Amino acid sequence: MVDLEPTVVDDVRKGSYGKLFHPDFLLSGKEDAANNFARGYYTVGREMADTVMDCIRRLADNCDGLQGFLVFHAVGGGTGSGLGCHLMETLSAEFGRKPKLNFCVWPSPQVISSVTTSLRFDGALNVDMTEYQTNLVPYPRIHFLLTSYAPLLSASKYKHEQMNVREITVAAFEERNMMAKCRPSMGKYMACCLMYRGDVTPKDVNAAMGTIKARRDINFVDWCPTGFKTGLNYQPPTFVPDSHLAAAPRSVCMMSNSTAIKEVIDRIDTKFDKMYSKRAFVHWFVGEGMEEGQLTEARDDLAALERDYDEVAADTKIDADEEEDVNEDSLPN
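Structural data, given as structure tokens:
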């Protein structure tokens with residue numbers, strides 16, 4: 001656990017969850033990043049990066065079979081965005097092709113637990129971290145995944161709203177269960193990985209998949225019409241004492257690669273354009289070692305990413321049109 005602000009880590013160290021962490025791996029700086037990416041990436045954060053990487057190397061050396069890395073960070077502040085970005089680049093350089101799963105903004109313990117259940121418990125259909133990358137990322141740049149979780153029931157509702165396997169599967173595809181604000185019905189899925197926990201059988205899962213495939217509002221790209229990967233683990237969901245969610249006998253966590261994520265990117269673009277048109281706060285970034293041109297480059301990269309998602313959704317349509325033209329040209333007169 002790392003934060004450039006010392007009081008945050010001190011609160012964890014003294015709190016009820018302090019004993020979950022080894023004291024050597026609770027790291028804090030002397031001054032915060034002041035919600036400034038450049039401060040976390042170039043100046044204050046970089047001074048602490050070597051210490052953080054030394055701890056990561058020690059932990060990696062103690063692993064018998066290193067699967068990959070789970071990184072939890074916010075992107076609105078300076079530490080999570082700036083130092084987090086620097087650490088991700090360093091991990092990629094030092095650990096090569098090991099998978100790295102990022103949980104950004106507001107990590108959910110239920111989602112994270114579901115993602116790693118197959119590594120920790122036996123199950124009928126287990127999934128490891130390498131399979132996420134293999135099955136969910138068709139192209140290197142198209143790697144921004146949507147997650148959803150079901151059931152999202154409070155303790156008061158759970159007593160009279162217990163959901164079966166089909167119902168939690170359908171709920172996982174609904175907008176209200178998504179961990180990012182977007183409309184999945186407005187995009188196309190390239191791949192889906194559903195991790196079931198608890199009282200679930202393969203027969204129930206197959207029946208639920210049949211229901212999903214029959215729905216017209218769940219669209220897949222033409223080149224991957226049935227891109228489902230399922231994991232099944234009999235360990236029931238675990239809930240922390242302060243959780244607002246009720247303890248359920250079964251749950252499903254879905255990780256999907258969908259063009260609907262473009263909505264999230266577009267919102268970021270719009271907010272950036274409004275602020276950058278007035279050069280709001282630009283001097284704070286430039287003053288910490290960043291060049292103004294890097295901001296416009298980052299904006300152009302996001303625009304290119306949106307075009308990449310558009311092209312992925314349109315790839316097959318173009319290919320089909322070209323094939324039709326070829327077939328028409330080959331017809332005898």
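Residues 1 to 333 (the UniProt record's numbering) make up the sequence shown, in order.
Backbone N, C-alpha and C fix where the C-beta goes; we use that ideal spot for every residue, glycine too.
All figures in this text were calculated on a predicted structure; none of them were measured in a lab.
- The region 215 to 233 and the region 87 to 97 do not touch, with fewer than three beta-carbon pairs separated by less than 8 Å.
- No Cβ-Cβ contact shorter than 7 Å links E297 with K262.
- A distance below 8 Å between beta-carbons, with the five flanking residues on each side excluded, links I112 to the following residues of its chain, in chain order: L70, F72, F103.
- In this structure, Y189 sits near S256, with a CB-CB distance shorter than 7 Å.
- The beta carbon of E5 sits closer than 6 Å to the beta carbons of D32 from its chain, once the five residues preceding and following it are set aside; these are given in chain order.
- Under the three-pair Cβ rule at 8 Å, the region 245 to 260 does not count as touching the region 274 to 292.
- When secondary structure is reduced to three states using DSSP, L302 falls in the helix class.
- A direct Cα-to-Cα measurement between Y17 and R279 gives close to 42 Å.
- The three-state secondary structure of S118, taken from DSSP, is helix.
- Here the C-alpha atom of S154 lies approximately 15 Å from the C-alpha atom of A171.
- Look at D222 here: in three-state DSSP terms it is coil, with no helix or strand label.
- Just so you know, the alpha carbons of G80 and K203 end up roughly 42 Å apart.
- Under DSSP, S251 shares a beta bridge with R197.
- The three-state reading of DSSP puts D64 in coil, since its state is none of H, G, I, E or B.
- Here D301 is not near R141, since their CB atoms are 7 Å or more apart.
- Assigned with DSSP and collapsed to three states, M163 falls in coil, not helix or strand.
- Excluding five sequence positions before and after L136, the CB atoms of its chain that fall closer than 7 Å to its own CB belong to L145, A191, C193, M255, N257, given in chain order.
- In this structure, the alpha-carbon of D24 lies about 18 Å from that of L87.
- The shortest CA-to-CA distance from T134 to any of R13, M53, P99 is the one to P99.
- Looking at the backbone, the Cα of S243 and that of L152 are separated by about 11 Å.
- For F121, the closest of K181, L59, G68, G198 by C-alpha to C-alpha distance is G198.
- Within the same chain, and ignoring the five residues on either side of I268 in sequence, the residues whose Cβ sits closer than 8 Å to its Cβ are L302.
- G78 is a Cβ neighbour of G40, given a cutoff of 7 Å.
- In this structure F37 is buried. Its beta-carbon is surrounded by 16 or more other beta-carbon atoms within 10 angstroms.
- Straight through space, the alpha carbons of P138 and T259 are spaced by roughly 12 Å.
- Per DSSP, reduced to three states, the secondary structure at C192 is strand.
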